[in-house]
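Trainee: First the structure, which I've put down as structure tokens, then a few questions once you've had a look.
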Amino acid sequence: MTSGPLDHIRCPRDVHDLNDDQIRPLCAQIRASLVEFGKRHGGHVGSNLAVVELTVALHRVFDSPRDAIIFDVSHQSYTHKMLTGRAAAFLDPRHYDQVTGFTNPAESEHDMFALGHTGTSISLACGMAKARDMGAVPDGGAGSGSIIAVIGDGALSSGVALEGLSDAAEQGGNLIVIVNDNEMSIAENHGGLYRGLARLRESDGRAEPNIFTALGMDYRYVEKGNDVDVLIEELTRIRDIDHPIVLHIHTTKGLGLDEEDARHGVVPGRHEFNHWQNPFCDEDAPVGSRKTYGALAMAQLERRFPDEPGLVVISPATARSNGITPGFRARAGAHYVDTAICEDHAAAYAAGIAKAGGTPVLATSATFFQRAYDQIIEELALNGLPATLLVFAAGISGTDHTHSGSLDTAMLATIPAMSYLAPSSSTDFLEMLDWSTRSRAHGTVAIRVPGERILAYERGVGDGTGAGETDAEDRRGVDEVTMETASLRGAGDSIPVDEATRENPYGRYRIDRQGSQVALMGLGDMYPVALETARSLERLTGGAVRPTVVDPRQCSGIDAGTLDGLAATHRLVVTLEDGQVDGGWGERIASYVTSMDRPGSHGPHDAQPQVICLGAGKEFTNRIPLPDLERRYGLTPDAVARRVVKALSLG
Numbered sequence: 065m066t067s068g069p070l071d072h073i074r075c076p077r078d079v080h081d082l083n084d085d086q087i088r089p090l091c092a093q094i095r096a097s098l099v100e101f102g103k104r105h106g107g108h109v110g111s112n113l114a115v116v117e118l119t120v121a122l123h124r125v126f127d128s129p130r131d132a133i134i135f136d137v138s139h140q141s142y143t144h145k146m147l148t149g150r151a152a153a154f155l156d157p158r159h160y161d162q163v164t165g166f167t168n169p170a171e172s173e174h175d176m177f178a179l180g181h182t183g184t185s186i187s188l189a190c191g192m193a194k195a196r197d198m199g200a201v202p203d204g205g206a207g208s209g210s211i212i213a214v215i216g217d218g219a220l221s222s223g224v225a226l227e228g229l230s231d232a233a234e235q236g237g238n239l240i241v242i243v244n245d246n247e248m249s250i251a252e253n254h255g256g257l258y259r260g261l262a263r264l265r266e267s268d269g270r271a272e273p274n275i276f277t278a279l280g281m282d283y284r285y286v287e288k289g290n291d292v293d294v295l296i297e298e299l300t301r302i303r304d305i306d307h308p309i310v311l312h313i314h315t316t317k318g319l320g321l322d323e324e325d326a327r328h329g330v331v332p333g334r335h336e337f338n339h340w341q342n343p344f345c346d347e348d349a350p351v352g353s354r355k356t357y358g359a360l361a362m363a364q365l366e367r368r369f370p371d372e373p374g375l376v377v378i379s380p381a382t383a384r385s386n387g388i389t390p391g392f393r394a395r396a397g398a399h400y401v402d403t404a405i406c407e408d409h410a411a412a413y414a415a416g417i418a419k420a421g422g423t424p425v426l427a428t429s430a431t432f433f434q435r436a437y438d439q440i441i442e443e444l445a446l447n448g449l450p451a452t453l454l455v456f457a458a459g460i461s462g463t464d465h466t467h468s469g470s471l472d473t474a475m476l477a478t479i480p481a482m483s484y485l486a487p488s489s490s491t492d493f494l495e496m497l498d499w500s501t502r503s504r505a506h507g508t509v510a511i512r513v514p515g516e517r518i519l520a521y522e523r524g525v526g527d528g529t530g531a532g533e534t535d536a537e538d539r540r541g542v543d544e545v546t547m548e549t550a551s552l553r554g555a556g557d558s559i560p561v562d563e564a565t566r567e568n569p570y571g572r573y574r575i576d577r578q579g580s581q582v583a584l585m586g587l588g589d590m591y592p593v594a595l596e597t598a599r600s601l602e603r604l605t606g607g608a609v610r611p612t613v614v615d616p617r618q619c620s621g622i623d624a625g626t627l628d629g630l631a632a633t634h635r636l637v638v639t640l641e642d643g644q645v646d647g648g649w650g651e652r653i654a655s656y657v658t659s660m661d662r663p664g665s666h667g668p669h670d671a672q673p674q675v676i677c678l679g680a681g682k683e684f685t686n687r688i689p690l691p692d693l694e695r696r697y698g699l700t701p702d703a704v705a706r707r708v709v710k711a712l713s714l715g
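According to the working numbering, the sequence shown holds residues 65 to 715 in order.
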């Protein structure tokens, strides 16, 4: 990488000190560095390339952290990090993993919040501006000056963003909302809001009706959103404004990528490719579990579309990440709906479809289902509506702390009148999907989409244990890989369901291997770990311990009959889950098994089996590799086996 102004930037003050003729070279150097970073390391490169000039202009005009800059989602904060003392993390491969992909106050005083979900920046800005205007912020302190929220057009349709805009207009005082309009969300934008943005772009900001002015906000439009000089001029004009204003800028996502680069990431302009650009070295990596199992699910549902007009797949914007390909969406037509980044709306929308007699399938990540928690409880479960939730990326992972799925069982498995299923194979997954979408007697059903351990196990790559979360992008075409994977355990066939069966067929645990002394219960993605632990135990004990292996298949109910039988015949029950133990599934198993009120327990002097609950700790983890987390939590087969031997006093 050639030298330039960026080499001398250690803090925003250094940006202020540059000569005017150094600003454009600074932008060019940052853009070239980000393209190279994307090729070698991967990341949210397309969205960051769109805001290089905006970020440089912000730090040229404003005084961070006195002037607070809040990046919505904050996956577009790479340039901000480079200008606030963290450039080495994007320039030097030795430092690539030293910062997170989102803003993080633990890294810098210039990062206001740890953010990874969308639409919240305006509400956060309102709160900071309120504290400033009430005199609660020390003079010269962070947030004592201007308050700026930078929100993308895709995030603008999020309900909380619209709530923030409505409140901002009434609040008054200096508050600047910058709408970065690159005509794209993760995929194409959906909803009437975007027709309004298009009219504003086409009219140079003069079209009516204007949603921003209708809400009571001042409004200005900048067509040349990638022209740093124009942005500096406009930001200087509004820097000291005494009322809330929206600055709507038109940018190009992926600006700086050529067509060769774009094969691996985002095509410059308006075309969907991938939200996350993988390193070029991962070009031949196999498709990960999310896309593999998501594509299998879509293939099974697609065959039913001609005969089931009410069968509808719903995705809140993150379709391609979960194997819902552009090809599938085109073929599905009205059977597919993208609600934009509006998870709470998506859940309530699914409830409406179900109430009217349709069959909704709502697919998104565990971390995003958090945003729809109220609607899942109130609109779906409380009303007993037969909807299916496909929960992707559940469990512990090496992701940023803003996108962890480790709270999914604690969150979803305790909701009344709702089942949370945890398949341990593609066959189970598709059978569960088929059952949940054919019967209307079961209420809401969530299905934990299998993860990397199960995919590795089914592909015959070892036992599936210790596999990192790759979320590999599709290099050969998802449809091709789906055909390859559909042969796994007969996956992909339609499974007939007895409509007369009113009971949940997955309420009973499945004992896959009958043994004695020790029962290993591996929930969902931990099932391969349970199998390998059984083999490790036999090796460690010379065959003296041959454990029972149980596939629970669900984590929302207690199979009292099976647990009573295990308690009567085993000295030790071990639960394995790749989610938070505190408040999770294992604790409910332990509470039942060790209860003196349990049927089959005859009082305090009865011999009660010991229960060991293994899973994630109660903590937010940030980019810690999955194998390291598994070792930290004692979730490797050898660690579990040693724990069992110690508990049985055999070693």
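Glycine included, each C-beta is placed from N, C-alpha and C at the ideal position.
Using CA coordinates, which residue listed in 193, 233, 256 and 634 is at the minimum distance from residue 218?
Mentor: Within the sequence shown, the letter at position 154 stands for residue 218. Nearest option by C-alpha distance: 256.
Trainee: When burial is assigned at 16 or more other CB atoms within 10 Å of the CB, is residue 162 buried or exposed?
Mentor: Numbered from 1 along the sequence shown, position 98 holds the residue referred to as residue 162. That one is exposed.
Trainee: Excluding the five sequence neighbours on either side, which residues of its own chain have a C-beta within less than 6 Å of the C-beta of residue 439, listed in chain order?
Mentor: Walking along the sequence shown from the start, residue 439 turns up at place 375. Hits under 6 Å: 408, 411 and 412.
Trainee: Buried or exposed: which applies to residue 234, given that a residue is buried once 16 or more other Cβ atoms fall within 10 Å of its Cβ?
Mentor: Numbered from 1 along the sequence shown, position 170 holds the residue referred to as residue 234. So residue 234 counts as exposed.
Trainee: Where are the alpha helix (DSSP H) runs, 4 residues long or more, that stay fully inside the segment 255-335, in chain order?
Mentor: Counting only runs of 4 or more, we get 256-266, 275-278, 292-302 and 323-326.
Trainee: Which partner residues of residue 574 appear in the DSSP bridge assignment?
Mentor: The residue labelled residue 574 in the question sits at position 510 within the sequence shown. Answer is 615.
Trainee: State buried or exposed for residue 77, treating a residue as buried only when at least 16 other CB atoms are found within 10 Å of its CB.
Mentor: The residue you call residue 77 lines up with position 13 of the sequence shown. It is exposed - the Cβ of residue 77 has fewer than 16 other Cβ atoms within 10 Å.
Trainee: Three-state secondary structure (DSSP) at residue 87?
Mentor: As a first step, residue 87 is located in the sequence shown; it is residue number 23 there, counting from the start. Residue 87 falls in the helix class under three-state DSSP.
Trainee: Are the segment 603-613 and the segment 480-497 in contact at 8 Å, needing three or more beta carbon pairs?
Mentor: With a cut-off of 8 Å, the segment 480-497 and the segment 603-613 do not count as touching, because too few Cβ pairs lie within range.
Trainee: How would you label residue 329, buried or exposed, when you count the other beta carbons within 10 angstroms and need 16 or more for buried?
Mentor: To locate residue 329, count along the sequence shown from 1; it is residue 265. Model confidence at residue 329 stands at a pLDDT of 46, short of 50, so the residue's coordinates are unreliable and nothing is read from them.
Trainee: What is the residue span of the beta strand (DSSP E) that residue 112 lies within?
Mentor: Stepping through the sequence shown from its first residue, residue 112 is reached at position 48. No beta strand (DSSP E) holds residue 112; the alpha helix (DSSP H) holding it covers 109-114.
Trainee: Ordered along the chain, which non-local residues of its own chain (more than five positions away) have a Cβ less than 6 Å from that of residue 254?
Mentor: Translated into positions along the sequence shown, residue 254 becomes position 190. Within the same chain, residue 254 has close Cβ partners 402 and 404.
Trainee: Where does the unbroken beta strand (DSSP E) through residue 641 begin, and where does it stop?
Mentor: By one-based count along the sequence shown, residue 641 stands at place 577. It spans 634-644 - the beta strand (DSSP E) in which residue 641 sits, taken as one unbroken run.
Trainee: Short of 8 Å in beta carbon distance, which residues of its chain neighbour residue 736, apart from the five on each side in sequence? Order them along the chain.
Mentor: Examination of residue 736 is not possible in this model, given that the chain is present from 65 through 715 alone.
Trainee: Exposed or buried, what is residue 67 when buried is set at 16 or more other beta-carbons lying within 10 Å of its beta-carbon?
Mentor: The count along the sequence shown starts at 1 and reaches residue 67 at position 3. With fewer than 16 Cβ atoms within 10 Å of its Cβ, residue 67 is classed as exposed.
Trainee: If you draw a straight line from the alpha carbon of residue 11 to that of residue 512, how long is it in whole angstroms?
Mentor: Nothing in the structure corresponds to residue 11, since the chain is present only between 65 and 715.
Trainee: Using 8 Å for Cβ pairs, my map puts residue 319 next to residue 122. What's the rounded Cβ distance?
Mentor: Counted from its first residue, the sequence shown places residue 319 at position 255. Counted from its first residue, the sequence shown places residue 122 at position 58. Their Cβ separation, rounded to whole angstroms, is 17 Å, which puts residue 319 and residue 122 out of contact at 8 Å.
Trainee: For the beta strand (DSSP E) holding residue 211, just list the boundary residues, first then last.
Mentor: Locating residue 211 in the sequence shown gives position 147, where the first residue counts as 1. 211-216 is the extent of the beta strand (DSSP E) around residue 211.
Trainee: Whose C-alpha, out of 289, 241 and 198, is nearest the C-alpha of residue 276?
Mentor: On the sequence shown, position 212 is the one that residue 276 refers to. The shortest C-alpha separation from residue 276 is found at 241.
Trainee: The alpha helix (DSSP H) with residue 679 in it runs from where to where?
Mentor: For the purposes of this step, residue 679 is identified with residue 615 of the sequence shown, where counting begins at 1. That residue, residue 679, is in no alpha helix (DSSP H); its beta strand (DSSP E) goes 674-680.
Trainee: Could you give the C-beta distance for residue 151 and residue 173, rounded to a whole number, given that I count them as a contact under 8 Å?
Mentor: The sequence position of residue 151 within the sequence shown is 87, counting from 1. The sequence position of residue 173 within the sequence shown is 109, counting from 1. With a Cβ gap of about 16 Å, residue 151 and residue 173 do not count as contacting.
Trainee: Does DSSP classify residue 586 as helix, strand or coil?
Mentor: Here residue 586 is taken as the residue at index 522 of the sequence shown, counted from 1. Reduced to three states, the DSSP call for residue 586 is strand.
Trainee: Taking C-alpha atoms, which residue in 630, 495 and 585 lies nearest to residue 570?
Mentor: Translated into the one-based positions of the sequence shown, residue 570 becomes position 506. For the residues 630, 495 and 585, the minimum Cα distance to residue 570 belongs to 495.
Trainee: Out of 587, 374, 395 and 573, state which residue places its alpha-carbon closest to the alpha-carbon of residue 423.
Mentor: Working through the sequence shown from its first residue, we reach residue 423 at position 359. With distances taken between Cα atoms, residue 423 lies closest to 374.
Trainee: Please report how far the alpha carbon of residue 135 lies from the alpha carbon of residue 165, in whole angstroms.
Mentor: The residue given as residue 135 occupies position 71 in the sequence shown. The residue given as residue 165 occupies position 101 in the sequence shown. If you take the alpha carbons of residue 135 and residue 165, they lie about 12 Å apart.
Trainee: Which residue from 278, 281, 267 and 280 puts its Cα closest to that of residue 287?
Mentor: As a working note, residue 287 is residue 223 in the sequence shown. It is 267.
Trainee: How far does the beta strand (DSSP E) with residue 400 in it extend, from its first residue to its last?
Mentor: For the purposes of this step, residue 400 is taken as the residue at position 336 of the sequence shown. Counting along the chain, the beta strand (DSSP E) containing residue 400 begins and ends at 400-402.
Trainee: Relative to the C-alpha of residue 148, which candidate in 138, 137 and 129 has its C-alpha closest?
Mentor: By one-based count along the sequence shown, residue 148 stands at place 84. Checking every option, the nearest Cα to that of residue 148 belongs to 129.
Trainee: Look up residue 544 in the DSSP assignment and say whether it is helix, strand or coil.
Mentor: Mapped onto the sequence shown, residue 544 falls at position 480. Residue confidence is low: residue 544 scores 44 on pLDDT, short of 50, so the model does not pin down where it sits. Its coordinate-derived value is still stated next. Helix.
Trainee: With a threshold of 16 other CB atoms inside 10 Å of the CB of residue 442, please say whether the residue is buried or exposed.
Mentor: What you label residue 442 is simply residue 378 of the sequence shown in a count that begins at 1. Exposed, because fewer than 16 other Cβ atoms sit within 10 Å of the Cβ of residue 442.
Trainee: For residue 83, count neighbouring Cβ atoms within 10 angstroms of its own Cβ and tell me buried if that reaches 16, exposed if not.
Mentor: For this step, residue 83 is matched to residue 19 along the sequence shown. Exposed, because fewer than 16 other Cβ atoms sit within 10 Å of the Cβ of residue 83.
Trainee: Is the beta carbon of residue 399 less than 8 Å from the beta carbon of residue 450?
Mentor: Counting from one through the sequence shown, the residue named residue 399 turns up at place 335. Counting from one through the sequence shown, the residue named residue 450 turns up at place 386. No, the pair does not count as a contact, with Cβ atoms beyond the cut-off.
Trainee: Would you call residue 433 buried or exposed, if buried means 16 or more other Cβ atoms sit within 10 Å of its Cβ?
Mentor: Residue numbering aside, residue 433 sits at position 369 when the sequence shown is read from its first letter. Buried, because 16 or more other Cβ atoms sit within 10 Å of the Cβ of residue 433.
Trainee: Note the first and the last residue of the continuous alpha helix (DSSP H) segment covering residue 143.
Mentor: The count along the sequence shown starts at 1 and reaches residue 143 at position 79. 142-145 is the span of the alpha helix (DSSP H), which, as asked, contains residue 143.
Trainee: Bridge partners for residue 482 per DSSP, in chain order?
Mentor: Mapped onto the sequence shown, residue 482 falls at position 418. The partner list for residue 482 (beta bridge, DSSP) reads 508.
Trainee: With distances taken between CB atoms, is the gap from residue 589 to residue 518 smaller than 8 Å?
Mentor: Here residue 589 is taken as the residue at index 525 of the sequence shown, counted from 1. Here residue 518 is taken as the residue at index 454 of the sequence shown, counted from 1. In contact: residue 589 and residue 518 (Cβ atoms closer than 8 Å).
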